[in-house]
Structures are given as structure tokens and as C-alpha cells.
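When the sequence shown is numbered by numbering that gives the first Met the number 0, its final residue is 101 and no position is left out of the sequence of numbers. Below you'll find the structure, written out as C-alpha cells, and then a few comments.
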Amino acid sequence: MRPLHKGIIVKKLSKDQLGKIVMPDSVQDDWLRGKVISVGPAVEGDIKEGDVIIFPPPPPHLGDYPIIGDNGYLIISENMALAIEEPMFTDIKYLAEETENG
Numbered sequence: 000m001r002p003l004h005k006g007i008i009v010k011k012l013s014k015d016q017l018g019k020i021v022m023p024d025s026v027q028d029d030w031l032r033g034k035v036i037s038v039g040p041a042v043e044g045d046i047k048e049g050d051v052i053i054f055p056p057p058p059p060h061l062g063d064y065p066i067i068g069d070n071g072y073l074i075i076s077e078n079m080a081l082a083i084e085e086p087m088f089t090d091i092k093y094l095a096e097e098t099e100n101g
């Protein structure tokens with residue numbers, strides 16, 4: 000299956016797969032995190048397959064995000080993606096360069 004237009008297919012990650020980002024308890028349950036499986040042809044910007052993105056739960060008036068099969072894949076719109084989680088080594092490299100350059 001592939002998404003149309005600005006759709007993104009995301010594998011919702013469970014709490015034990017959330018990575019190293021620490022958020023206050025008051026907002027931990029308010030945001031979802033998922034791995035991008037596929038992007039639609041009209042998706043613009045930096046989102047690509049394999050990225051881990053942060054997105055909000057669906058608005059109450061819409062109900063749940065559409066779920067594909069039993070594998071936990073969700074279909075969300077590109078405008079629901081709020082951030083792309085960067086790999087840990089990118090942060091380490093940046094800090095090393097910053098230290099070297101003073």
C-alpha cells in the first residue's frame with residue numbers, strides 16, 4: 000500500500016521504542032512518535048522513509064487515525080508531522096565540532 004497526495008504511512012512506536020528524547024510527564028501522553036514507512040507523491044520537505052517523526056494525537060472531532068491491518072500502521076497527513084527525530088550520533092558530532100571550534 001502507498002499513500003496518495005500528502006499522506007504518510009507511519010508505524011506507531013510503543014513507549015519502549017521512543018528513543019532518547021525526555022519530555023515532562025504532563026506532555027508525554029499528548030504526543031505520538033512513529034517510523035515513516037511510506038510518503039505520498041505530494042509530500043514536500045524533509046520527511047522520508049525511515050524517519051522517526053513526532054505527531055499529535057488525532058483531533059477529537061475526527062476520531063482515530065486510520066489504521067492499516069494488524070501491524071499498527073497509521074495514515075496521517077503531512078501537516079500533522081511536527082518534527083523529525085534526529086539520530087543520536089548527529090548530536091554527538093555537532094557537540095564535538097562545537098568543542099573543537101571553541
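We treat Cβ as the ideally placed atom computed from N, Cα and C, and that holds for glycine.
Legend entry - Ser76 - containing beta strand (DSSP E), residue span: Counting from one through the sequence shown, the residue named residue 76 turns up at place 77. Its beta strand (DSSP E) spans residues 72-76.
Legend entry - Any non-hydrogen atom of the ligand ATP within 8 Å of Tyr72 CB: In the structure shown, the ligand ATP is absent, as is every other ligand, since no ligand is present at all.
Legend entry - Among His4, Val9, Phe54, His60, nearest to Ala41 - alpha-carbon criterion: Numbered from 1 along the sequence shown, position 42 holds the residue referred to as residue 41. Minimum Cα distance to Ala41 is reached at His4.
Inset, instruction - Quick one: using the 10 Å Cβ neighbour count with 16 as the cut-off for buried, is Asp29 buried or exposed? - result: As a working note, residue 29 is residue 30 in the sequence shown. Asp29 is exposed by the Cβ-count criterion.
Inset, instruction - Helix, strand or coil for Leu31, going by three-state DSSP, please let me know. - result: Here residue 31 is taken as the residue at index 32 of the sequence shown, counted from 1. Note: Leu31 maps to strand in three-state DSSP.
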